[in-house]
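Plus 3 on top of the position in the sequence shown (first one is 1) and you've got my numbering.
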Amino acid sequence: MKTFRLITVVVLGVFVIVPLYIMITSSMKPLVDVQGQFTWWPTHFTIQPFLDIWKTVPLGTYFVNSLIVSAIASILSVIVAIFASYAVSRWQFRGRNVFTTTILSTQMFPGVLFLLPLYLIFININQTFGIQLVGTRVGLIITYLTFTLPFSVWMLSGYFDNIPRELDEAAKVDGASAMTTLFRVVLPVARPGVIAVLVYSFMTAWGEVLFASVLTTESSRTLAVGLGEYSTEVNVYWNQIMAASLVVSIPVVVGFLLLQRNFVAGLSAGAVK
């Protein structure tokens, strides 16, 4: 059994490490070397691709757009999910089962099914109220909430269910209101779950491509879509693509490493419902 586990870990490690190694080494090669015969070790080391990525494509603008959209979408998702999940977990109300089932069922459908309806809704809002949503960060934030929020509510409600209700009852005996109980008693205990939802929402928004490719313009374009601009009709800057991919993955990797313990604990606890 231990041998099987070891083999499995090694195989999975190879599948992860080899592509990452090729990405790193390719980002340190001149374009001619990348387009030529493949070599496992660069014959000419250079950091020029890491400097050129900011000139070939307005990567800085795309980086800011992704950071703003992902941060706001994840924060709003967590805030709304906290209140909705606490209500679902602590109170019995008419339609509660229908609500939770509907929330979960939204995860069954591919995102492409919601693309055209959302686009038409945004167009109608613009025509009726004069509010421009297509091609703006606000429209993209609203779009991301449509698929990050349902999962956040479901996961947090499962996490709240694992928190003893005796804590709520003790707080009520001390005269605490429902809001006070939520913020001062339940949320401190539920911190791993909240962080897990926050990380999940941010990662989902950060790497999303489908909606961003349709609902954004050049001024509001995100990194996930902007990386495609390194491929032109004349040439494909493979070394810059690899370098840019490494750069844009830094925020997610750093955030995950810093919050790893809380993220894993929140996922494992929230998965039990």
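Yeah, the Cβ is synthetic: ideal placement off N, Cα and C, and Gly gets one too. The structure displayed is predicted, hence computed values, not measured ones.
Quick check on residue i: buried or exposed, where buried means 16 or more other Cβ atoms within 10 Å of its Cβ?
{"i": "residue 242", "result": "buried"}
{"i": "residue 208", "result": "buried"}
{"i": "residue 119", "result": "exposed"}
{"i": "residue 247", "result": "buried"}
{"i": "residue 211", "result": "buried"}
{"i": "residue 177", "result": "exposed"}
{"i": "residue 50", "result": "exposed"}
{"i": "residue 25", "result": "exposed"}
{"i": "residue 173", "result": "exposed"}
{"i": "residue 231", "result": "exposed"}
{"i": "residue 16", "result": "exposed"}
{"i": "residue 134", "result": "exposed"}
{"i": "residue 112", "result": "exposed"}
For residue i, collect the residues of the same chain with a Cβ closer than 7 Å to its Cβ; drop the 5 residues on either side in sequence, then sort them by chain order.
{"i": "residue 110", "result": "153 and 154"}
{"i": "residue 226", "result": "65, 66, 69 and 251"}
{"i": "residue 166", "result": "189, 192 and 193"}
{"i": "residue 128", "result": "134 and 136"}
Looking only at its own chain, which residues have a Cβ that is under 6 Å from the Cβ of residue i, when we skip the five neighbours before and after it?
{"i": "residue 273", "result": "Confidence at residue 273 is low in this model, with a pLDDT of 44, below 50, so the placement of that residue is unreliable and no value is reported for it."}
{"i": "residue 271", "result": "Confidence at residue 271 is low in this model, with a pLDDT of 46, below 50, so its placement is unreliable and no value can be given for it."}
{"i": "residue 108", "result": "none"}
{"i": "residue 106", "result": "153, 156 and 157"}
{"i": "residue 95", "result": "none"}
Does the distance from the CB of residue i to the CB of residue j come in under 9 Å?
{"i": "residue 206", "j": "residue 125", "result": "no"}
{"i": "residue 200", "j": "residue 87", "result": "no"}
{"i": "residue 240", "j": "residue 52", "result": "yes"}
{"i": "residue 143", "j": "residue 214", "result": "yes"}
{"i": "residue 71", "j": "residue 62", "result": "no"}
{"i": "residue 217", "j": "residue 89", "result": "no"}
{"i": "residue 45", "j": "residue 36", "result": "yes"}
{"i": "residue 151", "j": "residue 80", "result": "yes"}
Are the C-beta of residue i and some C-beta of chain E separated by less than 9 Å?
{"i": "residue 194", "result": "Here there is only one protein chain, and chain E is not present."}
Give me, in chain order, the residues of the same chain whose beta-carbon lies closer than 8 Å to that of residue i; leave out the 5 immediate sequence neighbours on both sides.
{"i": "residue 130", "result": "none"}
{"i": "residue 171", "result": "93, 184, 188 and 189"}
{"i": "residue 85", "result": "159, 185, 190 and 197"}
{"i": "residue 102", "result": "91"}
{"i": "residue 4", "result": "none"}
{"i": "residue 179", "result": "187 and 188"}
Return the Cβ separation of residue i and residue j in integer angstroms, given the expectation that the two are a contact with Cβ distance under 8 Å.
{"i": "residue 83", "j": "residue 229", "result": "At roughly 28 Å, the Cβ-Cβ gap does not stay under 8 Å, so residue 83 and residue 229 are not in contact."}
message: For the segment 234-248 against the segment 185-198, do three or more pairs of beta-carbon atoms, one drawn from each stretch, fall closer than 8 Å, so that the two count as touching?
response: no
message: Does the segment 73-85 come into contact with the segment 130-150, if we say contact requires no fewer than three beta-carbon pairs (one atom in each stretch) closer than 8 Å?
response: yes
query: Counting Cβ pairs, one atom from each stretch, are 3 or more of them under 8 Å apart for the segment 219-230 and the segment 128-139?
result: yes
message: Below 8 Å, how does it come out for the segment 18-29 and the segment 242-253: are there three or more Cβ pairs, yes or no?
response: yes
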